[in-house]
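Presented below is the structure to which this report refers.
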Amino acid sequence: QQQVKQSPQSLIVQKGGISIINCAYENTAFDYFPWYQQFPGKGPALLIAIRPDVSEKKEGRFTISFNKSAKQFSLHIMDSQPGDSATYFCAAEMNRDDKIIFGKGTRLHILP
Amino acid sequence: NAGVTQTPKFQVLKTGQSMTLQCAQDMNHEYMSWYRQDPGMGLRLIHYSVGAGITDQGEVPNGYNVSRSTTEDFPLRLLSAAPSQTSVYFCASRREVFGAEAFFGQGTRLTVV
Chain A
1 QQQVKQSPQS
11 LIVQKGGISI
21 INCAYENTAF
31 DYFPWYQQFP
41 GKGPALLIAI
51 RPDVSEKKEG
61 RFTISFNKSA
71 KQFSLHIMDS
81 QPGDSATYFC
91 AAEMNRDDKI
101 IFGKGTRLHI
111 LP
Chain B
113 NAGVTQTPKF
123 QVLKTGQSMT
133 LQCAQDMNHE
143 YMSWYRQDPG
153 MGLRLIHYSV
163 GAGITDQGEV
173 PNGYNVSRST
183 TEDFPLRLLS
193 AAPSQTSVYF
203 CASRREVFGA
213 EAFFGQGTRL
223 TVV
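Structure representation (structure tokens):
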């Protein structure tokens with residue numbers, strides 16, 4: 001079963017716009033939520049991560065919003081740039097397990 | 113800094129052949145894992161290891177074997193390749209098993225004909 005559901009599958013945004021990718025989870029034992037960014041031909045790389053004791057984390061143009069009661073979290077990319085075009089994966093982990101559970105990914109394309 | 117190194121980058125196999133995908137890391141990470149990436153399926157865990165001599169199965173282990181004789185190396189063996197194993201394979205390592213950044217290799221694109 002899919003433990004982390006990610007949407008949309010693909011997204012096209014104009015340069016300068018806001019890109020929003022959403023994820024939802026079922027297991028309340030998850031307590032660490034990273035986002036990974038993958039460029040074509042490369043392996044994924046950690047972009048930003050959040051723990052459920054905070055509702056928002058911002059790093060530059062990238063922000064994670066976390067809604068613990070709704071079991072949802074999202075990635076916002078402000079002032080989106082063509083260089084942000086990549087595949088983004090949300091993920092979840094739980095302390096007593098040793099696996100990263102990934103969403104299916106969102107292919108983001110920023111129009112120049 | 114080499115990080116996580118995977119070899120080969122590309123491979124074509126015939127059905128029934130066996131091969132080993134190599135993975136090495138130079139960060140002294142205890143935790144290593146193998147994923148496969150297929151269109152629309154995301155990253156699915158094949159096998160993982162929490163230290164030398166310790167391995168366990170992930171979500172899609174069938175048709176694959178692993179061993180971890182050293183901290184640095186974590187090879188993935190395809191026993192008898194099938195077209196369903198056509199995929200991009202990624203090896204990853206991280207310092208801790210929870211809440212730590214995973215460092216991925218560049219991937220191996222495998223085609224089984």
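Just so you know, the sequences run in chain order A and B. 1 is the number of the first residue of the first sequence in this note's numbering; add one for each residue after it. 113 is the number of the first residue of the second sequence in this note's numbering; add one for each residue after it. Positions of the beta carbon are idealized from the N, C-alpha and C atoms, including for glycine. Nothing here was measured: the structure is a model prediction, and the numbers come from that model.
_Quick check on the DSSP output: the beta strand (DSSP E) that includes glycine 163 of chain B runs from which residue to which?_
Residue mapping note: residue 163 of chain B aligns to position 51 of the second sequence, counting from 1. Residues 154-163.
*Just the Cα atoms here: how many angstroms apart are tyrosine 88 of chain A and leucine 108 of chain A?*
Here residue 88 of chain A refers to the residue found at position 88 of the first sequence. Here residue 108 of chain A refers to the residue found at position 108 of the first sequence. For tyrosine 88 of chain A and leucine 108 of chain A, the distance between alpha carbons rounds to 7 Å.
_Contact with chain A by phenylalanine 216 of chain B, beta-carbon distance below 7 Å_ = Numbered from 1 along the second sequence, position 104 holds the residue referred to as residue 216 of chain B. By this cut-off, phenylalanine 216 of chain B is an interface position.
*Which residues in chain B sit within 7 Å of glycine 43 of chain A, going by Cβ to Cβ distance?*
Here residue 43 of chain A is taken as the residue at index 43 of the first sequence, counted from 1. Within 7 Å Cβ-Cβ: Phe202, Phe216, Gly217, Gln218, Gly219.
*In chain order, what residues of the same chain lie with their CB nearer than 6 Å to the CB of glutamine 155 of chain B, ignoring the 5 residues before and after it?*
The count along the second sequence starts at 1 and reaches residue 155 of chain B at position 43. It is leucine, not glutamine, that sits at residue 155 of chain B in the sequence shown. Excluding sequence neighbours, leucine 155 of chain B sits near Tyr147, Gln149.
*Please list the residues of the region 15-49 of chain A that have a C-beta atom closer than 9 Å to any C-beta atom in chain B, keeping them in chain order.*
Asp31, Tyr32, Pro34, Tyr36, Gln38, Gly41, Lys42, Gly43, Pro44, Ala45, Leu46, Ala49
*Going by CA-CA distance only, name the one from B/Val178, B/Leu190, B/Thr182 that's closest to methionine 139 of chain B.*
The residue given as residue 139 of chain B occupies position 27 in the second sequence. Closest by alpha carbon: B/Thr182.
*Bridge-paired residues (DSSP) for alanine 45 of chain A*: Position 45 of the first sequence, counted from the start, is the residue given in the question as residue 45 of chain A. In the DSSP output, where bridge partners are listed per residue, alanine 45 of chain A has A/Gln37.
*chain A residues whose Cβ lies nearer than 9 Å to that of methionine 153 of chain B*: Within the second sequence, the letter at position 41 stands for residue 153 of chain B. What methionine 153 of chain B touches in chain A: Lys104, Gly105.
*For tyrosine 160 of chain B and arginine 221 of chain B, the rounded distance between their alpha carbons*: For the purposes of this step, residue 221 of chain B is taken as residue 109 along the second sequence, with counting starting at 1. For the purposes of this step, residue 160 of chain B is taken as residue 48 along the second sequence, with counting starting at 1. The straight-line gap from Cα to Cα measures roughly 19 Å.
_Span of the beta strand (DSSP E), counted from its first residue to its last, around aspartate 150 of chain B_ = Along the second sequence, one-based indexing puts residue 150 of chain B at 38. Segment 143-150, the beta strand (DSSP E) holding aspartate 150 of chain B.
*Taking 7 Å as the CB-CB cut-off, is glutamate 213 of chain B touching chain A?*
By one-based count along the second sequence, residue 213 of chain B stands at place 101. Chain A contact via Cβ: present.
*Inter-residue Cα distance where the pair is valine 200 of chain B and glycine 103 of chain A*: Here residue 200 of chain B corresponds to residue number 88 of the second sequence, with the count starting at 1. Here residue 103 of chain A corresponds to residue number 103 of the first sequence, with the count starting at 1. C-alpha separation (whole angstroms): 17 Å.
*Please work out which residues of its chain come closer than 8 Å, Cβ to Cβ, to leucine 125 of chain B, disregarding the five sequence neighbours upstream and downstream, and give them in chain order.*
Counting from 1 along the second sequence, the entry for residue 125 of chain B is found at position 13. Excluding sequence neighbours, leucine 125 of chain B sits near Met131, Leu190, Ala193, Leu222, Thr223, Val224, Val225.
*Can you have a look at phenylalanine 122 of chain B and say buried or exposed, based on whether 16 or more other CB atoms are within 10 angstroms of its CB?*
Stepping through the second sequence from its first residue, residue 122 of chain B is reached at position 10. Exposed, since its Cβ has fewer than 16 Cβ neighbours within 10 Å.
*Taking the beta strand (DSSP E) that glutamate 56 of chain A falls in, what are its first and last residues?*
Along the first sequence, one-based indexing puts residue 56 of chain A at 56. First-last of the beta strand (DSSP E) with glutamate 56 of chain A: 56-59.
*Would a check of beta-carbon distances place valine 178 of chain B closer than 7 Å to chain A?*
If you number the second sequence from 1, residue 178 of chain B lands on position 66. Cβ-Cβ to chain A under 7 Å: no for valine 178 of chain B.
_Status (buried if at least 16 other CB within 10 Å, exposed otherwise) for valine 178 of chain B_ = One-based indexing of the second sequence puts residue 178 of chain B at position 66. Classification for valine 178 of chain B: buried.
*Out of A/Asp97, A/Ser69, A/Lys99, A/Ala91, point me to the one whose CA is closest to glutamine 6 of chain A's CA.*
Working through the first sequence from its first residue, we reach residue 6 of chain A at position 6. For glutamine 6 of chain A, the nearest C-alpha among the options comes from A/Ala91.
*Just the C-alpha distance for arginine 207 of chain B and glycine 41 of chain A, rounded to the nearest angstrom, thanks.*
For the purposes of this step, residue 207 of chain B is taken as the residue at position 95 of the second sequence. For the purposes of this step, residue 41 of chain A is taken as the residue at position 41 of the first sequence. Taking the straight line joining both Cα atoms gives about 24 Å.
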